[in-house]
Amino acid sequence: MAGDHGGKDEKHSGKDDGGKPKGMLRRAAAHAASHVMARTSADRDQPQYSQTPPAVMHANPMEARTSRAPKRSQTLDTAAAAKAPTQAPASQGTSDHPPFPPAAANPNPTAAQVPATVPPALLPAAAPAARPATPAKEQVERARSAEPQVQRERQMMEHIESLEMRNTHLEERCKFYESDPYRNELTSIRTHLQVNDLLEPWQISQKFQAINKDVENVSRNLSEFLADSYTAKAPCNTGDFFLFSQNRPPKTDEQSGGTPVSAEDFVDFCCRSLINEQLMTKILHPQVFHPGLGSQENKLIGEMYESVRTKERQIIAGRWRISSFNVYKHIEFSAKDIALKLCQGALGHVCQGVYGEEPAETALSKVYPEIVAVFEHAWEWHSLAKSSVVLLDYEPFYIQPGSPYTPEHHALEGRKSKPPASGTVLLTSRLGLISSEAQGEDKPPIRIIQSKATTLTAEYFLGS
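For the sequence shown, this note's numbering assigns the number 1430 to the initial residue and increments by one for each residue that follows.
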């Protein structure tokens, strides 16, 4: 009985509760464990395409029954051993190496990477294959993409070359400006161009008007002395003004007759006209470079100076004039000789024709010093304008008797502003003044009237 009982226990111990042999159970458990390990590795590397666990999708009924059967210690140990390499405890943080990050999901897995259990309908569509580009098209696209870059590089190189050329030019200029020849030349130019014009144009014009004032005073003194001391021998008219002028015009109707003029006014205006005429002829005319020189020398120097003014600008021409005038400045000028010739000539004839020879000599001897002073004053002004002023040239002007009246250059004697009906100038009672500036380059000088010449016409006596 004892032996029977022991045999039953062995037989019973060789089967599980379900009546199956223990060897079969061990083989099934080992097979399931290996399958779980394989699936676990594949699931870790590949994305999951189904919510159904791989064990459920397995077709082996033994594996299905084994998964539903109660887990024994050996099965649990085997499964735990299979899962141990893929799972790490949450508390395990003492490892020397950090855990590997999970692999990123592949959006386009290949057929080898997709599990065999995934239906083909669930696989993503394959990307269309790119059409191969022809060599000509690739070359065009490559050239088109490289063209802006080449253009920018070319522009940059041109800009760099321009800057280098400019830098080289500036360096050369700096070296030239720092050189001794340039500094010496600049010093010479500054010395040459130093201008010592201490008088403004209005001051020159003011001094010139003082000469006209002297002429008026001398003429008035002479006419008043004769009128107060003597009686006129014959009446006078406007036509007689042309008889005593050195530059008398051809005979006209006004010379044979005209408006009556008092003896005092006739001597006064004749004296003004004759003194002004001598001032222009002997001293103040632009062609008279120096009154101490002869007429031929004055003409030659005057022509040379006009040529310089045509070629050079005013500052160079003015320097040339000053230097040339200083060369002849030592030549003496005699105002007495000019005054004496005037009194013995035309002015003496006027006084003798109206009052007689003796009254004329007496009156002229009385005003002779004043006439000399007028010519000396004119010489002083002429010398000042020729030797001290650089920036402008000053040219007095005189209107010839019988010339047509032009309001641009003439001012009428008296208070009448209307143009004369006769339109003919009888004489010049006050000299005019023009300032001029040379331009050079074969251009004529720029002339500006500082003061008009005052002229006398027949209409002046019609209102008296």
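Glycine included, each C-beta is placed from N, C-alpha and C at the ideal position.
ask   = Run through DSSP, which three-state label would glutamate 1706 get?
value = helix
message = What would DSSP say about threonine 1884, mapped onto helix, strand or coil?
response = strand
query = Quick one: is tyrosine 1734 buried, meaning 16 or more other Cβ sit within 10 Å of its Cβ, or exposed?
reply = buried
task = Taking leucine 1855 and leucine 1885 to be in contact with their CB atoms under 8 Å, please state how far apart those CB atoms are, rounded to whole angstroms.
result = 5 Å
ask   = Going along the chain, which unbroken runs of the alpha helix (DSSP H) with 4 or more residues stay wholly within the segment 1587-1671?
value = 1609-1621, 1630-1658
task = Can you give me the Cβ contacts of serine 1652 inside the same chain, cut-off strictly under 6 Å, excluding the 5 residues immediately before and after it?
result = Glu1693, Val1696, Asp1697
query = Skipping 5 residues on each side, what residues in its chain have a beta carbon closer than 7 Å to that of alanine 1768?
reply = Tyr1797, Ile1800, Val1801, Phe1804
request  = Drop a sphere of 10 angstroms on the beta-carbon of tyrosine 1823, count the other beta-carbons inside from all chains shown, and report buried for 16 or more, exposed for fewer.
outcome  = buried
Closest Cα partner of alanine 1764 within the set Thr1791, Glu1809, Ile1730, Thr1739 = Glu1809
query = Assuming phenylalanine 1671 contacts leucine 1703 under a Cβ cut-off of 8 Å, what Cβ separation, rounded to an integer in Å, is found between them?
reply = In fact, because the Cβ distance is near 12 Å, the residues do not count as touching under 8 Å.
ask   = When the Cα of leucine 1771 is compared with those of Ser1794, Phe1754, Glu1761, which residue comes out closest?
value = Ser1794
request  = Report the rounded CA-to-CA distance for serine 1591 versus glutamine 1584, giving the unit in angstroms.
outcome  = 11 Å
task = Determine contact between the segment 1780-1794 and the segment 1835-1850, defined as no fewer than three beta-carbon pairs at a distance below 8 Å.
result = no
query = Got a sec? Which residues, its chain only, sit under 6 Å from lysine 1636 by beta carbon, not counting five neighbours each side?
reply = Trp1810
inquiry  = Between Phe1762, Arg1738, Glu1790, Ser1858, which has its C-alpha nearest glutamine 1868's C-alpha?
reply    = Arg1738
message = For arginine 1876, list the residues DSSP reports as bridge partners.
response = Ser1865
Touch test, the segment 1811-1821 against the segment 1862-1881, Cβ-Cβ under 8 Å, three pairs minimum = yes
Through-space distance from serine 1880 to asparagine 1634, alpha-carbon basis = Looking at the sequence shown, residue 1634 is not asparagine but serine. Serine 1634 and serine 1880: Cα-Cα distance of roughly 8 Å.
message = Bridge partners for valine 1779 per DSSP, in chain order?
response = DSSP lists no partner for valine 1779.
query = If you check the beta carbons only, do lysine 1872 and phenylalanine 1718 fall under 9 Å apart?
reply = no
According to DSSP, residues forming a beta bridge with tyrosine 1823 = Ser1864
task = Name the one or two DSSP bridge partners that threonine 1835 has.
result = BP columns for threonine 1835 are empty, so no partner.
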